[in-house]
Amino acid sequence: MRERCRKIFLILSDQVKCSIRKIGELAEIPKSSVHRHAKAIEKRNRYPESSFWEISEGQQFLSRLIFATIFVFGIMCGVGAGRISFFFKLLRLTMHVGVSPTSIRNLRTRMEEIIIEYQKVQEKHCKSRKPIKVAVGADETFFNDMILVFMDLASGYIFFEEEAQSRSYETWMEKVQKTINELGISIKYVVSDRAKALIKLALKGIGCQSIPDLFHASNEIVKLLGLSLNRKYAAAQDKLTKATATLSLLIELSKGVNEIKKQQLVVNNLNKEQQTVEFAISSYKEVLHKLSKIVHPFDLTDTSKQTSAQVQILLMELPEVIKKILNDCGIIDKKDRLGKFARQIVGIASLIDAWWLWVMESLDDYEVDDECKKWLLEFLLPAIYWQSQAAKTKNPELKKSYQAASEQALAELEQHPLTPIFITQQWLSWAEWMVSNFQRTSSAVEGRNGCLSQMHHNGRGISSKRLKALTVIHNFGITRPDGTTAAERLFERDFPDLFEWLINQMGELPLARMGRKSSSDNLLNLQSVPA
0 MRERCRKIFL ILSDQVKCSI RKIGELAEIP KSSVHRHAKA IEKRNRYPES
50 SFWEISEGQQ FLSRLIFATI FVFGIMCGVG AGRISFFFKL LRLTMHVGVS
100 PTSIRNLRTR MEEIIIEYQK VQEKHCKSRK PIKVAVGADE TFFNDMILVF
150 MDLASGYIFF EEEAQSRSYE TWMEKVQKTI NELGISIKYV VSDRAKALIK
200 LALKGIGCQS IPDLFHASNE IVKLLGLSLN RKYAAAQDKL TKATATLSLL
250 IELSKGVNEI KKQQLVVNNL NKEQQTVEFA ISSYKEVLHK LSKIVHPFDL
300 TDTSKQTSAQ VQILLMELPE VIKKILNDCG IIDKKDRLGK FARQIVGIAS
350 LIDAWWLWVM ESLDDYEVDD ECKKWLLEFL LPAIYWQSQA AKTKNPELKK
400 SYQAASEQAL AELEQHPLTP IFITQQWLSW AEWMVSNFQR TSSAVEGRNG
450 CLSQMHHNGR GISSKRLKAL TVIHNFGITR PDGTTAAERL FERDFPDLFE
500 WLINQMGELP LARMGRKSSS DNLLNLQSVP A
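Quick look at the structure:
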């Protein structure tokens, strides 16, 4: 149908006028059909841009426009079919393609099915002979149903995010084992909150270390001190302002000396109270910064290697500081948040040795001498690590510290006499890969949960088919600034462009249809009433 219209339009656009019979002969179409299509083209050609939609280039662009709109807004953003249909009507496309809400819903459903099929096709080629080593994050989020999320933290690849009736160890293990069998991954450690099922999943089910999420651990401190200290500071400031005003009034009215001295004592005590709270707030912020600065495989001051034992000793100092803040400010820890944080210190520190063990295992796959190994571990890795930390950290104070460490490590690397000999793209890529696998938090999983939560709220729910499609788009369609998708980073190979593949599979757009005009009832035409 569209090809016929295109041929007729090109002939009609020619400066040489032709009869209906002649057009039919040139296009090899019956003249009755030519007449019908010519009238339809004339009816569609209402606006300046209408002629563009009749040629092949215009039809290709129209297909891309409609498919891209449904892909981005209909699927990724959860915009309804009715609103998308209204958008296309504003673009004056109703005479050229079917853009009713029903047509949009049908296209969206078809698109979701093709997107899901894309991952099935691509994952057939993903399983490699050599297991892919990963550090994963696991968590659950709640909408109408519970959704379990399991993600590679370095690449951002989502292994699964599926609805489940329970979050028990058995449910997690069933899904994880299926992923391991299908993709051939080797899990080095799991970063998660302290849910018993997730700890058991790592230690017993997978047979790796369970690392407490640093984000959740620090959040216990924030919940304990953040709001309480701000409230105490606001209250102390308010009291001090009122007491100071009272003192000024007493002096102005020339009240008795004893009365003024008494009020001055009140002001001094409130001043001390405010200073105590200010110092506590400063200590609280310092605790959070220290927590972030300590948990690294390299020392921040001299970029030397750290062990779990060293990190644990430094972390053990933080609960003592928090206890002093609680005592000085009279804050009661009703929910034992300090205890929860303290109990996670050993697990948080264990990440350091787990990562170093992974580094050494990785180097065993290469034939390197002791001199090269020493250069890799003590000079190249710290330089790449601190450079990565400085680039991704947004907090100004932490960024300044990481940049200083990065400059120091880079200077030591450049000054080393063996750097010109050993530095190659192979070792740079290896160092970047190892650095990317040092994961202290499951913030990528938390971010994904937040994204799904917003989409669920905006769209009043997410169907299981839509959720699967969104997972595929996350893995194969969304790119980082370097232009790579999560799948490309994990499997270290290129994949066909998801959207281009989708366009080729979608076929032609639906034809425009004239909807029935709703007739308004004539209330004065009462036919059942006799004259």
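Per numbering that gives the first Met the number 0, residue 0 is the first one in the sequence shown, and the count goes up by one each step. For glycine and all other residues, C-beta sits at the position ideal for the given N, C-alpha and C. Here the structure is a predicted model, which means the values were calculated and not measured.
Under the three-state DSSP convention, the category residue i falls into
| i | result |
| --- | --- |
| Y188 | strand |
| E160 | strand |
| S209 | strand |
| Q14 | Its pLDDT being 48, under 50, Q14 is placed unreliably in this model, and the value from its coordinates should be taken loosely. If DSSP states are grouped into helix, strand and coil, Q14 belongs with coil. |
| F378 | helix |
| F297 | strand |
| T484 | strand |
| T478 | strand |
| W450 | For the sequence presented, residue 450 should be read as Cys rather than Trp. Reduced to three states, the DSSP call for C450 is helix. |
| R342 | helix |
| I54 | coil |
| I74 | helix |
| F533 | The chain is shown from 0 up to 530; residue 533 falls before or after that span and cannot be answered. |
| E507 | coil |
| G81 | helix |
| E48 | coil |
| R512 | coil |
| I204 | It should be pointed out that residue 204 corresponds to Gly in this sequence rather than to Ile. Reduced to three states, the DSSP call for G204 is helix. |
Sequence-distant residues of the same chain with beta carbon closer than 6 Å to residue i, five excluded per side
| i | result |
| --- | --- |
| L409 | A382 |
| K132 | S185 and K187 |
| M359 | none |
| T440 | D212, L213 and F214 |
| K350 | Position check: residue 350 holds Leu in this sequence, whereas Lys was assumed. Excluding residues within five positions, the ones whose Cβ falls inside 6 Å are I210. |
| V98 | S84, F87 and L92 |
Selection from the options that minimises the alpha carbon distance to residue i
| i | options | result |
| --- | --- | --- |
| W374 | W426, E258, Y401 and S307 | W426 |
| R342 | F72, S217 and T302 | S217 |
| L508 | S49, E445, L64 and L264 | L64 |
| Y168 | G155, L152, E139 and D151 | E139 |
| L380 | A390, H455 and S303 | S303 |
| W354 | Q438, L299 and F378 | Q438 |
| A389 | L376, F378, A404 and E377 | A404 |
| Y283 | Q504, H124 and L325 | L325 |
| K174 | F158, V189 and L510 | F158 |
| A511 | F141, H295, A235 and T93 | T93 |
| T68 | S50, E48 and L90 | L90 |
| V190 | H215, R109 and I331 | H215 |
| R230 | K333, E258 and G329 | G329 |
| E181 | V148, T245 and C125 | C125 |
| V276 | K292, Q236 and K261 | Q236 |
| L197 | G136, T243 and L223 | G136 |
| F297 | A348, F278 and D151 | A348 |
| A194 | R104, S209 and K334 | S209 |
| L239 | D363, N268, E56 and P480 | N268 |
| V148 | I477, G506, H456 and C450 | C450 |
| L224 | E366, Y365, K322 and L501 | K322 |
Own chain, CB closer than 7 Å to residue i, minus 5 neighbours either side, in chain order
| i | result |
| --- | --- |
| P495 | none |
| E219 | R336, K339 and F340 |
| I344 | Q311, L314 and M315 |
| G81 | P100 |
| E396 | H288 |
| V471 | I114, I115, Y117 and Q118 |
| D352 | T306 and S307 |
| F72 | V78 and I83 |
Terminal residues of the alpha helix (DSSP H) in which residue i lies
| i | result |
| --- | --- |
| T140 | First-last for T140: I131 to F141, but that is the beta strand (DSSP E), not the alpha helix (DSSP H). |
| I472 | S463 to F475 |
| C328 | E316 to C328 |
| Y168 | Y168 to L182 |
| D533 | Residue 533 cannot be examined here, being either before or after the span of the chain that is shown, 0 to 530. |
| V120 | P100 to E122 |
| L197 | K195 to K199 |
| L252 | Premise fails: L252 is in no alpha helix (DSSP H) and is neither H nor E. |
| T418 | T418 to F421 |
| S400 | P395 to Q414 |
Neighbourhood of residue i by C-beta distance below 8 Å, restricted to the same chain and skipping five residues each side
| i | result |
| --- | --- |
| F475 | Y117, Q118, Q121, T484, A485, A486, F494 and L497 |
| Q14 | Low local confidence applies: a pLDDT of 48 at Q14 is under 50, so the model's placement there is unreliable, with the coordinate-based value given in what follows. Result list for Q14: empty, nothing under 8 Å. |
| D368 | none |
| M145 | E139, E162, A163, Q164, S165 and R166 |
| T243 | V266 |
Enclosing beta strand (DSSP E) for residue i [first to last residue]
| i | result |
| --- | --- |
| A148 | Sequence check: residue 148 is Val here, not Ala. It spans M145 to D151 - the beta strand (DSSP E) in which V148 sits, taken as one unbroken run. |
8 Å Cβ cutoff, residue i in contact with chain B
| i | result |
| --- | --- |
| A244 | Note that chain B does not occur in the displayed structure, where there is just one protein chain. |
Paired residues, beta bridge with residue i - DSSP
| i | result |
| --- | --- |
| K304 | F297 |
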